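Undergrad: With the first letter of the sequence shown counted as 1, position 558 gets the number 558 in the working numbering; the numbers rise by one all the way through. By construction, the Cβ of each residue, glycine as well, lies at the ideal position given by its N, Cα and C atoms. It should be emphasised that the depicted structure is a prediction, and the values quoted were computed from it without experimental measurement.
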Amino acid sequence: MCGIIGYVGPRDSVPILLSGLSRLAYRGYDSAGIAVCHEGDIDCRRAHGKLENLIERLKHDPMRGRTGIGHTRWATHGRPSESNAHPQRFGKFAIVHNGIIENFLDLREELRAHGHEFVSETDTEIVAHLISDCYDATHDFAGAVRMALRRVRGSYAIVALCSDFPDELVAARNQCPLLVAVGEGENFAASDLAAVLAHSRQAIFLEDGDIAQIRASSVVITDLSGEHVERKIQSIEWDISAAEKQGYPHYMLKEIHEQPQKITDTFRGRMLEAEGEVNLDENIEKLHLETCRRLQIVACGTSYHAALLGKYLIEQYARIPVDVDVASEYRYRQPIITPDDGFIAISQSGETADTYACLKLARQHGAKILAICNVMDSSIPRAADATFYTRADPEIGVASTKAFTTQLASLTLLAIHFARRKNAIDVATAQRLLRALRAVPQQMERVLEQSDHVRACAQKLLRANSFLFLGRNLHYPIALEGALKLKEITYIHAEAYPSGEMKHGPIALIDDRLPVIVIAPKNPTYEKTLSNLQEVKARGGRIIGIVTQDDDRLTRVCESAFPIEDCEEIVQPFLSVLYLQLLAYHLADLLGNDIDQPRNLAKSVTVE
Ligand code: M6R
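1) Classify residue 129: buried if its beta carbon has 16 or more other beta carbons within 10 angstroms, exposed otherwise.
2) Assess, as a yes-or-no matter, whether the segment 418-430 is touched by the segment 508-515 under the definition of 3 or more beta carbon pairs within less than 8 Å.
3) By Cβ distance, which residues of its chain are closer than 6 Å to residue 441, with the 5 residues on each side in sequence left out?
4) Are there three or more Cβ pairs, one per stretch, closer than 8 Å when the segment 129-148 is compared with the segment 74-85?
5) Span of the alpha helix (DSSP H) holding residue 577?
6) If you measure from each residue's Cβ to the nearest non-hydrogen atom of ligand 1, which ones come out under 5 Å, in chain order?
7) For the structure I just gave you, are there three or more beta carbon pairs, one from the segment 94-101 and one from the segment 153-165, closer than 8 Å?
8) Could you give the distance in angstroms between the alpha-carbon of residue 490 and the alpha-carbon of residue 502?
9) Are residue 395 and residue 378 touching if we call contact CB-CB under 9 Å?
10) Do the segment 20-37 and the segment 77-85 meet, that is, are 3 or more Cβ pairs less than 8 Å apart?
11) Nearest CA to the CA of residue 322: which residue from 345, 435, 333?
12) Kindly indicate which three-state DSSP category residue 103 falls into: helix, strand or coil?
13) To the nearest whole angstrom, what separates the beta carbons of residue 171 and residue 180, a pair I think is in contact under 8 Å?
14) Return the chain-ordered ranges of every beta strand (DSSP E) run that is complete within the segment 62-112 and spans a minimum of 3 residues.
15) Would you kindly work out how many angstroms separate the C-alpha atoms of residue 514 and residue 53, rounded to a whole number?
16) Would the beta-carbon of residue 609 fall within 9 Å of that of residue 175?
17) State buried or exposed for residue 286, treating a residue as buried only when at least 16 other CB atoms are found within 10 Å of its CB.
18) Buried or exposed: where does residue 531 fall if 16 or more other Cβ atoms within 10 Å of its Cβ makes it buried?
19) Can you list, in chain order, the residues of its chain with a C-beta nearer than 6 Å to that of residue 118? Leave out the 5 residues immediately preceding and following it.
20) With a threshold of 16 other CB atoms inside 10 Å of the CB of residue 426, please say whether the residue is buried or exposed.
21) Going by CA-CA distance only, name the one from 55, 45, 484 that's closest to residue 493.
22) Pull up the DSSP beta-bridge partners for residue 563, would you.
23) Tell me, please, which residues DSSP counts as bridged to residue 5.
24) Within the same chain, show all residues whose beta-carbon is closer than 7 Å to that of residue 407, passing over the 5 residues directly before and after it, in chain order.
25) Looking only at its own chain, which residues have a Cβ that is under 6 Å from the Cβ of residue 104, when we skip the five neighbours before and after it?
26) Looking only at its chain, what residues have a beta carbon closer than 6 Å to the beta carbon of residue 294, apart from the 5 residues adjacent to it on each side?
27) Quick check on DSSP: helix, strand or coil for residue 465?
28) Could you check the C-alpha separation between residue 376 and residue 603 for me, to the nearest Å?
29) Which value, in whole angstroms, describes the spacing of the CA atoms of residue 23 and residue 543?
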């Protein structure tokens, strides 16, 4: 969703802000803008649409300044337009804002009663007016921001400029991520590490209620009442190259191909095959989730599909009951949560508003909380008792790929860990499973070599306007994930069903215009799936199968068949999902779609 970058230092801020914004573009946006302090005033340029429009505007109407702020906006209050784009200005101030001001209507009425007039439909403009009013009384920049924000309810990450303080930024956080990146004689503010990784590897992650006064050589942090607070500087290990395309035409394709390495990274140091044990951080061990009466997993989108797989794995191997919910449903359905429950929140970004709200609900009811997350120190890990970090590095493509498989790797390890702690599986079984998992990255590489084969198949499916995905057991969540990937980037309708459920309704759809993508490698439900496919075939359906290598029986009923190696069932989802990611990617590419920033989607959904 929205992205923020701020700079203060000796260099011209404009190119730094623009390159920061280009690194934030992956989050999804509909307008962009920058503002700088220059010769006692503030200069601002904004543009509706892509960042290129802003760059074009700056070519015709350039500006410069050593202190500046930039923003990519994803509309919440007010339609996407130049006047609603950030920075929003009033008086001596310009501000950029991520989040939602909940009491903005009340504040707007109050300000209107005092003669204020507004030029945008945004909640952000209200905050600029409020700060300006507070400043008139104090002439203290940071003090005015603190005073204004004490009146504001809602979520925000805000960075402000004041023309009276040309060497200073003031940044504030409440429930939206914001960090200060510390450089040599220069400092940065950003909503996302990706915006600043090229300049600094030292970051201060602000906490809710923090106000940071940022100058080129100092960062002073207080709370909303002005009390000084200490925040530690953290070293960032993320690989900057992860935020580059590295020769791939799209981030999504690069991220698909990165998966073998990211799975290796996620397994590193955590698998003790010889002992048949999984080695987890002490904080996770100390939670003893395996002793819980029940585990509740909550997530959204792709992370929800990983959660569903987690249920199958944990119940199958560790014999612990697991409930899985979509976060936006869970938070409003008055769930039963007790201190005997373990709660697992899964989120790539760590900022998804619904998932975060569920975690807070679980906290209120005393559950033990584990986060499975990719982004270090984001809101969800901060609020959890412990975090299992997936090590996918920044995921830029809006359609999640490597985050999913690393979540899957994490859940697989947790399932084996719980199973061993409960003695639900013996050492030999754990050793066998861990050895099988160790081979996953190489097996994934071999699947990825089939990319051209998948593209050729995609070429034949270009005219389809709906797809059905089928899978059983571990492959049902993979079918759901395949359908989601396809919808997100091809804009073609797709839905997924458990194979056995097909005859209870969706079979009515089968004809030669509906490609049926079935995931059916050899496993205990293979024969059942084969019968389901015969039903599809008998009705003239087109079948595209993901099958065990040399499975002639199934290959014969398929129009196209994609092989995976004969392997342990626990390994199969890591391989089958790659074909579905590739299929969605190639179809979208052949259709000429904007793959990394599909329409209407944002990378990190920080609003309800
Ligand atoms: O950051 P999160 O994992 O919490 O995000 C959840 C979903 O918004 C996300 O998985 C979304 O569905 C992706 N676009 C899927 O490709």
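TA: Working from what's here:
1) buried
2) no
3) 260, 263, 264
4) Contact between the segment 129-148 and the segment 74-85 is absent, because fewer than three Cβ pairs lie under 8 Å.
5) 572-590
6) Residues close to ligand 1 by the beta carbon criterion (under 5 Å to any non-hydrogen atom) are, from first to last along the chain, 300, 301, 302, 303, 347, 348, 349, 352, 399, 400, 605.
7) yes
8) When the Cα atoms are used, residue 490 and residue 502 turn out to be separated by approximately 24 Å.
9) no
10) yes
11) 345
12) coil
13) 7 Å
14) Runs of the beta strand (DSSP E) inside the segment 62-112: 67-73, 88-90, 93-101.
15) Here the alpha carbon of residue 514 sits roughly 40 Å from the alpha carbon of residue 53.
16) Coverage of the chain is limited to positions 1 through 608, which leaves residue 609 absent and any answer about it impossible.
17) exposed
18) Only exposed fits residue 531, as fewer than 16 other CB atoms lie within 10 angstroms of its CB.
19) Excluding residues within five positions, the ones whose Cβ falls inside 6 Å are 125.
20) exposed
21) 484
22) 547
23) 70, 190
24) 303, 306, 346, 372, 390
25) 123, 126
26) By the criterion of a C-beta distance shorter than 6 Å, residue 294 is surrounded in its chain by 321, 341, once the five residues flanking it on both sides are discounted.
27) coil
28) 16 Å
29) 40 Å
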